[in-house]
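A.B. asks:
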Amino acid sequence: LFLALLALVGPSIACLSIVGEGRTGLIIQDWWVIHDNGIKVCDDSPDKTEADVSCNAGFSFHFKWEKVAENIEARYCNSGGDFDLSIEPVFCENTNLCCGGNIPCTCWACRWEWVGFC
19 LFLALLALVG PSIACLSIVG EGRTGLIIQD WWVIHDNGIK VCDDSPDKTE ADVSCNAGFS
79 FHFKWEKVAE NIEARYCNSG GDFDLSIEPV FCENTNLCCG GNIPCTCWAC RWEWVGFC
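Quick note, the sequence shown lines up with residues 19 to 136 if you use our numbering.
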């Protein structure tokens with residue numbers, strides 16, 4: 019019975035790894051890679067503050083980056099269900115060098131990592 023139950027909920031408790039990087043300045047750049055149970059299921063660079071990331075069939079990832087250097091709100095979906103996540107930045111750096119010194123601007127570079135359901 020336990021193995022039968024485990025087979026039914028397996029995708030929802032498999033290890034999930036989400037890594038994202040983002041940069042702000044004159045343009046927005048971001049990149050996301052998601053592994054579900056050790057398999058890369060999403061890999062995309064939508065370069066937006068809110069977007070659906072390109073994923074394999076049966077998987078989806080939507081994120082919203084509202085404030086620089088703060089949590090990313092996200093929804094990940096697989097055959098096990100839909101999961102709402104708040105992903106904290108593990109690194110953020112502020113600089114004013116992204117514009118080449120020609121015009122005043124403030125730029126950020128951040129990295130987010132989340133691992134769960136292991």
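Backbone N, C-alpha and C define an ideal beta-carbon position, used for all residues, glycine too.
Because the structure is a prediction, the values reported are computed rather than measured.
From the DSSP secondary-structure annotation, give me the bridge partner or partners of Lys-82.
C.D. replies: Bridge partners of Lys-82: Glu-68 and Glu-91.
A.B. asks: In angstroms, rounded to a whole number, what distance separates the CA positions of Cys-73 and Phe-79?
C.D. replies: Near 7 Å, if we compare the C-alpha coordinates of Phe-79 and Cys-73.
A.B. asks: The beta strand (DSSP E) spanning Ala-198 covers which residue range?
C.D. replies: A question about residue 198 goes unanswered here, because the residues of the chain that appear run from 19 up to 136.
A.B. asks: Give the single residue among Lys-82, Ser-63, Ala-127 and Gly-43 whose Cα lies nearest to the Cα of Val-51.
C.D. replies: When only C-alpha atoms are compared, the closest one is Ser-63.
A.B. asks: Is Leu-44 helix, strand or coil when you go by DSSP?
C.D. replies: Residue state, collapsed to three classes: coil.
A.B. asks: Where does Cys-115 land, buried or exposed, given buried means 16+ other C-beta within 10 angstroms?
C.D. replies: It should be pointed out that residue 115 corresponds to Leu in this sequence rather than to Cys. Per the 10 Å Cβ criterion, exposed.
A.B. asks: Should Asn-96 go down as buried or exposed, given a rule of 16 or more other Cβ atoms within 10 Å for buried?
C.D. replies: With 16 or more Cβ atoms within 10 Å of its Cβ, Asn-96 is classed as buried.
A.B. asks: Give me the DSSP bridge partner(s) of Ser-63.
C.D. replies: Answer by DSSP bridge pairing: none, since Ser-63 is not bridged.
A.B. asks: Specify the secondary structure class of Leu-24 as computed by DSSP and reduced to three states.
C.D. replies: Reliability of the predicted coordinates at Leu-24 is poor, the pLDDT of 39 falling under 50, and the value obtained from them is presented with this limitation in mind. Residue state, collapsed to three classes: helix.
A.B. asks: Could you give the first and the last residue of the continuous beta strand (DSSP E) run that contains Ser-104?
C.D. replies: Taken as a continuous stretch (DSSP letters only), the beta strand (DSSP E) holding Ser-104 covers 99-105.
A.B. asks: Taking C-beta to C-beta, are Trp-126 and Cys-110 nearer than 8 Å?
C.D. replies: Result yes, Cβ atoms of Trp-126 and Cys-110 sit closer than 8 Å.
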